[in-house]
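Trainee: The number in this note's numbering is simply the position in the sequence shown, starting from 1, with 45 added.
The C-beta atom is built at its ideal place from N, Cα and C for all residues, glycine as well.
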Amino acid sequence: MLAVVGAAAVVLLAGAPWVLPSAAGGENLKPPENIDVYIIDDNYTLKWSSRREAMDNVTFSAEYQVEEEVKWIKVPECQHIPRTKCEFSLLSVSAYDNVKFRLRAEEGISMSSWKETDPFIPIYRAHISPPGVHLEAEDKAIIVHISPHGQVGSMWGQENFNYTILIWQKSSSVKNITKPTYYPVKISKLLPETTYCLEVEAIHQSFEKHSNYSAVQCIRTAVANKLPVPENLEVDAKGKSYVLKWDYVSPNMSFRAQWIPGYLKSSSRSYTDKWKTIPTCINVSTTHCVFSRDTVHTGTFFLRVRASDGNNTSFWSEEKYIASQNYTPLPPPAIAVTPTRDTLLVRVSGNKCDGLIYEIIFWENTSNTERRMVQKHPEFTLGNLQPLTVYCVQVRVLCTGLQNKIGKFSDKLCKKTHPGNSSRIWIIIAFVGMVFSVMALYAGRSLQKYLHYVFFPPLKPPLSIDEFFSEPPSKTLLLLTAEEHTERCFIIENPDTVAGKEHHAPEEDLRKYSSQTSQDSGNYSNEEEESVGTESGQAVLSTAPCGSPWSVACPPGTLGDGTCFLGNEKHLQTPS
Numbered sequence: 046m047l048a049v050v051g052a053a054a055v056v057l058l059a060g061a062p063w064v065l066p067s068a069a070g071g072e073n074l075k076p077p078e079n080i081d082v083y084i085i086d087d088n089y090t091l092k093w094s095s096r097r098e099a100m101d102n103v104t105f106s107a108e109y110q111v112e113e114e115v116k117w118i119k120v121p122e123c124q125h126i127p128r129t130k131c132e133f134s135l136l137s138v139s140a141y142d143n144v145k146f147r148l149r150a151e152e153g154i155s156m157s158s159w160k161e162t163d164p165f166i167p168i169y170r171a172h173i174s175p176p177g178v179h180l181e182a183e184d185k186a187i188i189v190h191i192s193p194h195g196q197v198g199s200m201w202g203q204e205n206f207n208y209t210i211l212i213w214q215k216s217s218s219v220k221n222i223t224k225p226t227y228y229p230v231k232i233s234k235l236l237p238e239t240t241y242c243l244e245v246e247a248i249h250q251s252f253e254k255h256s257n258y259s260a261v262q263c264i265r266t267a268v269a270n271k272l273p274v275p276e277n278l279e280v281d282a283k284g285k286s287y288v289l290k291w292d293y294v295s296p297n298m299s300f301r302a303q304w305i306p307g308y309l310k311s312s313s314r315s316y317t318d319k320w321k322t323i324p325t326c327i328n329v330s331t332t333h334c335v336f337s338r339d340t341v342h343t344g345t346f347f348l349r350v351r352a353s354d355g356n357n358t359s360f361w362s363e364e365k366y367i368a369s370q371n372y373t374p375l376p377p378p379a380i381a382v383t384p385t386r387d388t389l390l391v392r393v394s395g396n397k398c399d400g401l402i403y404e405i406i407f408w409e410n411t412s413n414t415e416r417r418m419v420q421k422h423p424e425f426t427l428g429n430l431q432p433l434t435v436y437c438v439q440v441r442v443l444c445t446g447l448q449n450k451i452g453k454f455s456d457k458l459c460k461k462t463h464p465g466n467s468s469r470i471w472i473i474i475a476f477v478g479m480v481f482s483v484m485a486l487y488a489g490r491s492l493q494k495y496l497h498y499v500f501f502p503p504l505k506p507p508l509s510i511d512e513f514f515s516e517p518p519s520k521t522l523l524l525l526t527a528e529e530h531t532e533r534c535f536i537i538e539n540p541d542t543v544a545g546k547e548h549h550a551p552e553e554d555l556r557k558y559s560s561q562t563s564q565d566s567g568n569y570s571n572e573e574e575e576s577v578g579t580e581s582g583q584a585v586l587s588t589a590p591c592g593s594p595w596s597v598a599c600p601p602g603t604l605g606d607g608t609c610f611l612g613n614e615k616h617l618q619t620p621s
């Protein structure tokens with residue numbers, strides 16, 4: 046039993062170094078410091094410093110991690126190395142991944158803690174190495190082949206570069222700059238049997254990173270060839286065919302023409318074996334040849350020609366770039382015209398090409414005088430037009446790219462402008478005039494009435510009538526009848542003295558009575574009448590409005606003043 050326990054203890058001790066304090070905590074080892082990652086193309090260089098680097102038994106290990114992953118991956122070239130630098134490639138890591146590194150120091154079974162770098166995207170930190178350059182010499186030209194950077198699918202595998210070429214005669218310090226667009230680059234019009242030197246710089250199109258210039262290379266041009274190269278290549282289009290023309294100084298020569306798709310020459314990789322011979326341009330004895338558009342099945346391509354005289358052949362001519370759209374007739378554009386008060390808004394559609402501009406002609410429908418203008422945008426305005434006028438418009442497009450090209454005019458489109466401000470002003474003026482006329486008519490009528498009143502005043506009535514109407518309205522019997530219709534009842538408290546005889550009062554008494562009743566209208570008792578009645582021994586007279594609880598209907602009385610009396614036993618009433 047003790048033997049088993051002892052064996053187990055030995056096993057535990059054997060596997061224990063990773064849990065010992067000196068190993069787990071790394072108390073005696075400090076992690077690496079000043080970690081730096083330098084990248085050029087696909088090559089990484091990891092550098093750092095350490096306080097124990099002078100000791101021979103200290104080593105270092107490195108790992109990396111991609112942001113999307115949790116696992117740390119060991120860098121094979123950077124495991125247990127005694128140096129503070131290691132070089133490696135990470136072809137499995139995308140140039141746009143977010144990557145970070147970590148390092149630790151090791152001494153025997155002891156290890157320091159990890160020291161991590163900040164995450165970074167490799168392509169933003171990477172440097173571009175100088176491009177590879179290979180030269181070929183002709184008698185009057187040098188062909189420059191530029192090697193791509195890095196490996197396919199690596200850091201620069203999918204990136205685009207521009208290049209700058211400096212070339213000069215070895216015997217001269219004057220340098221000429223060439224910035225090619227297609228590759229390989231053929232620098233022509235040089236001197237035969239002359240040494241030229243050149244260097245090339247690469248420039249990333251998006252990041253604008255510049256490499257260092259390549260090492261200077263020199264090459265000597267060949268002896269002048271017996272047969273010069275064809276020059277001044279031109280292409281015309283006739284229907285469904287192309288006509289290729291060139292110049293050549295010597296007669297009795299045969300010629301051959303070739304073509305290559307344009308996209309193959311947009312890369313710096315060499316595709317010299319991809320040139321294809323045009324069937325109808327083989328061994329032609331004229332300085333032109335005709336071939337069908339179907340021969341070339343791409344939108345852009347290059348052409349080249351060389352001359353032959355038996356067994357002697359010339360070098361290939363300069364390459365001619367052709368864009369098929371430049372040789373395709375432009376259809377007339379579609380236009381839309383929207384009229385306003387004194388302008389026409391024109392919209393053009395239906396054409397696409399490089400350097401597109403628009404030529405416009407427009408005129409009044411009743412006139413033959415045309416006006417022309419040129420615009421760079423598909424929407425524009427024709428201004429300074431007359432309102433309520435019909436204008437006609439036609440447009441054609443012009444392509445000003447690598448080859449000028451003019452299309453046909455569109456169909457004529459006529460539109461009538463809207464009413465202008467002048468029409469509205471006349472409407473406003475007419476309305477204001479009408480209002481002014483009404484006001485003037487009203488003022489004239491008022492002035493006429495005033496003048497008529499001044500010069501023809503109304504006639505005054507006679508003085509006697511005037512005096513009658515000058516009396517207060519309350520004393521006029523006629524106004525009383527019109528203004529107030531009231532029935533008044535009188536109550537006689539003493540029934541013994543009732544007169545039953547009726548007398549007609551004279552006119553003066555009647556007027557007096559009317560005046561009194563008019564003044565006393567609304568009073569239901571008369572103190573003066575009560576006192577008179579008492580002194581004369583007659584019954585006291587009281588008045589009350591008809592309809593009161595103690596008023597009764599009474600027949601006409603017999604007093605001379607026209608008053609009616611009411612008795613307690615015999616009730617009589619007369620209207621006032």
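Answer yes if the stretch 202-214 comes into contact with the stretch 241-249, meaning at least three C-beta pairs across the two stretches below 8 Å, and no otherwise.
Mentor: yes
Trainee: Mark H194 as exposed unless 16 or more other C-beta atoms lie within 10 angstroms of its C-beta, in which case mark it buried.
Mentor: Taking the first residue of the sequence shown as position 1, residue 194 is located at position 149. Buried.
Trainee: Helix, strand or coil: how does DSSP classify E363 here?
Mentor: Within the sequence shown, the letter at position 318 stands for residue 363. DSSP places E363 in coil when its eight states are reduced to three.
Trainee: Assign S217 to one of two classes, buried (16 or more other C-beta atoms within 10 Å of its C-beta) or exposed (fewer than that).
Mentor: Position 172 of the sequence shown holds residue 217. Counting of Cβ neighbours within 10 angstroms places S217 among the exposed residues, the total staying below 16.
Trainee: Distance, Cα to Cα, P377 vs Q370?
Mentor: The residue given as residue 377 occupies position 332 in the sequence shown. The residue given as residue 370 occupies position 325 in the sequence shown. Answer to the nearest angstrom: the Cα atoms are 15 Å apart.
Trainee: Which term fits N221, buried or exposed, when burial requires 16 or more other beta carbons within 10 angstroms of its beta carbon?
Mentor: As a working note, residue 221 is residue 176 in the sequence shown. With fewer than 16 Cβ atoms within 10 Å of its Cβ, N221 is classed as exposed.
Trainee: Counting only the same chain and skipping the five closest in sequence on each side, list residues whose C-beta sits under 7 Å from that of S315.
Mentor: Taking the sequence shown and counting its residues from 1, the one referred to as residue 315 is at position 270. H190 and P229.
Trainee: If you draw a straight line from the alpha carbon of W320 to that of V280, how long is it in whole angstroms?
Mentor: Counting from one through the sequence shown, the residue named residue 320 turns up at place 275. Counting from one through the sequence shown, the residue named residue 280 turns up at place 235. So the alpha carbons of these two residues sit roughly 18 Å apart.
Trainee: For a test of the three-state rule: what should DSSP assign to Y141, helix, strand or coil?
Mentor: Taking the first residue of the sequence shown as 1, we reach residue 141 at position 96. Y141: coil per DSSP, three-state reduction.
Trainee: Three or more C-beta pairs closer than 8 Å, one from the stretch 142-151 and one from the stretch 110-126: is that the case here?
Mentor: Segment contact: the stretch 142-151 against the stretch 110-126, three or more CB-CB distances shorter than 8 Å; contact assigned.
Trainee: Note the first and the last residue of the continuous beta strand (DSSP E) segment covering P306.
Mentor: Locating residue 306 in the sequence shown gives position 261, where the first residue counts as 1. Counting along the chain, the beta strand (DSSP E) containing P306 begins and ends at S299 to P306.
Trainee: Just to confirm, are E108 and R170 a CB contact at a threshold of 8 Å?
Mentor: For this step, residue 108 is matched to residue 63 along the sequence shown. For this step, residue 170 is matched to residue 125 along the sequence shown. Cβ distance not < 8 Å, so E108 and R170 don't count as in contact.
Trainee: Is the Cβ-Cβ distance between V442 and L375 less than 8 Å?
Mentor: For the purposes of this step, residue 442 is taken as the residue at position 397 of the sequence shown. For the purposes of this step, residue 375 is taken as the residue at position 330 of the sequence shown. Contact annotation: V442 and L375 have beta-carbon atoms nearer than 8 Å.
Trainee: Does DSSP classify H249 as helix, strand or coil?
Mentor: Stepping through the sequence shown from its first residue, residue 249 is reached at position 204. In the structure shown, H249 sits in a strand (DSSP, three-state: E or B).
Trainee: Residue range of the alpha helix (DSSP H) that Y169 falls in?
Mentor: Translated into the one-based positions of the sequence shown, residue 169 becomes position 124. Its alpha helix (DSSP H) spans residues P167 to R170.
Trainee: When DSSP labels each residue in this structure, what does Q262 get in the three-state scheme?
Mentor: Here the question's residue 262 lines up with position 217 in the sequence shown. Strand.
Trainee: Apart from the five residues just before and just after C263, which ones in its own chain have a Cβ nearer than 6 Å to its Cβ?
Mentor: To locate residue 263, count along the sequence shown from 1; it is residue 218. If we look at C263 and ignore the five residues flanking it on each side, its Cβ neighbours are K215, T240 and C242.
Trainee: Quick one: is H125 buried, meaning 16 or more other Cβ sit within 10 Å of its Cβ, or exposed?
Mentor: One-based indexing of the sequence shown puts residue 125 at position 80. So H125 ends up on the exposed side.
Trainee: Could you name the residues of the same chain whose beta carbon sits closer than 8 Å to that of Y428, not counting the 5 residues immediately before and after it, in chain order?
Mentor: Taking the first residue of the sequence shown as position 1, residue 428 is located at position 383. Note that residue 428 is Gly in the sequence shown, not Tyr. Same-chain partners within the cutoff: D387 and T388.
Trainee: Taking Y436 and Q420 to be in contact with their CB atoms under 8 Å, please state how far apart those CB atoms are, rounded to whole angstroms.
Mentor: Here residue 436 corresponds to residue number 391 of the sequence shown, with the count starting at 1. Here residue 420 corresponds to residue number 375 of the sequence shown, with the count starting at 1. No, Y436 and Q420 are not in contact; Cβ-Cβ is about 16 Å, not under 8 Å.
Trainee: Quickly, what does DSSP pair M156 with across the bridge? List them, please.
Mentor: As a working mapping, residue 156 is identified with position 111 in the sequence shown. Note: M156 sits in a beta bridge opposite E151.
Trainee: In three-state DSSP terms, what is N371?
Mentor: One-based indexing of the sequence shown puts residue 371 at position 326. In the structure shown, N371 sits in a helix (DSSP, three-state: H, G or I).
Trainee: What do you get for G592, buried or exposed, if any count of 16 or more other CB atoms within 10 angstroms of its CB means buried?
Mentor: Here residue 592 refers to the residue found at position 547 when the sequence shown is read from its first residue. With a pLDDT of 46 at G592, under the threshold of 50, the modelled position of that residue is not reliable, and no figure is offered here.
Trainee: So, helix, strand or coil for Y293, using DSSP?
Mentor: If you number the sequence shown from 1, residue 293 lands on position 248. In the structure shown, Y293 sits in coil (DSSP, three-state: anything other than H, G, I, E or B).
Trainee: Identify the residues that DSSP records as bridge partners of K450: which are they?
Mentor: Along the sequence shown, one-based indexing puts residue 450 at 405. Note: K450 sits in a beta bridge opposite C444.
Trainee: Specify whether the stretch 325-341 and the stretch 298-308 touch according to this definition: at least 3 beta carbon pairs, one from each stretch, less than 8 Å apart.
Mentor: yes
Trainee: Between which two residues does the beta strand (DSSP E) harbouring H179 extend?
Mentor: To locate residue 179, count along the sequence shown from 1; it is residue 134. Its beta strand (DSSP E) spans residues G177 to A182.
Trainee: Could you give the distance in angstroms between the alpha-carbon of V335 and the alpha-carbon of G355?
Mentor: What you label residue 335 is simply residue 290 of the sequence shown in a count that begins at 1. What you label residue 355 is simply residue 310 of the sequence shown in a count that begins at 1. Taking the straight line from one Cα to the other gives about 23 Å.
Trainee: At which residues does the beta strand (DSSP E) containing T345 begin and terminate?
Mentor: Taking the sequence shown and counting its residues from 1, the one referred to as residue 345 is at position 300. That run of the beta strand (DSSP E) goes T345 to D354.
Trainee: Assuming D81 is part of the beta strand (DSSP E), what are its boundary residues?
Mentor: One-based indexing of the sequence shown puts residue 81 at position 36. Note, D81: beta strand (DSSP E), E78 to I85.
Trainee: Under DSSP, the beta strand (DSSP E) around W624 begins and ends at which residues?
Mentor: As shown, the chain starts at 46 and ends at 621. That puts residue 624 outside it, with no answer to give.
Trainee: State buried or exposed for V480, treating a residue as buried only when at least 16 other CB atoms are found within 10 Å of its CB.
Mentor: The residue labelled residue 480 in the question sits at position 435 within the sequence shown. Exposed, since its Cβ has fewer than 16 Cβ neighbours within 10 Å.
Trainee: Just the C-alpha distance for V350 and N357, rounded to the nearest angstrom, thanks.
Mentor: Looking up residue 350 in the sequence shown gives position 305. Looking up residue 357 in the sequence shown gives position 312. Answer to the nearest angstrom: the Cα atoms are 14 Å apart.
Trainee: Return the CA-CA distance between E364 and D184, expressed in angstroms with no decimal places.
Mentor: Start at 1 with the first residue of the sequence shown, and residue 364 comes out as number 319. Start at 1 with the first residue of the sequence shown, and residue 184 comes out as number 139. Near 17 Å, if we compare the C-alpha coordinates of D184 and E364.
Trainee: Do I173 and I232 have their C-beta atoms within less than 8 Å of each other?
Mentor: Sequence index remark: in the sequence shown, residue 173 carries index 128 (1-based). Sequence index remark: in the sequence shown, residue 232 carries index 187 (1-based). Taking 8 Å as the Cβ cut-off, I173 and I232 do not qualify as a contacting pair.
Trainee: With DSSP run on the structure shown, which of helix, strand or coil describes Y241?
Mentor: The count along the sequence shown starts at 1 and reaches residue 241 at position 196. The answer is strand: DSSP assigns Y241 an E or B state.
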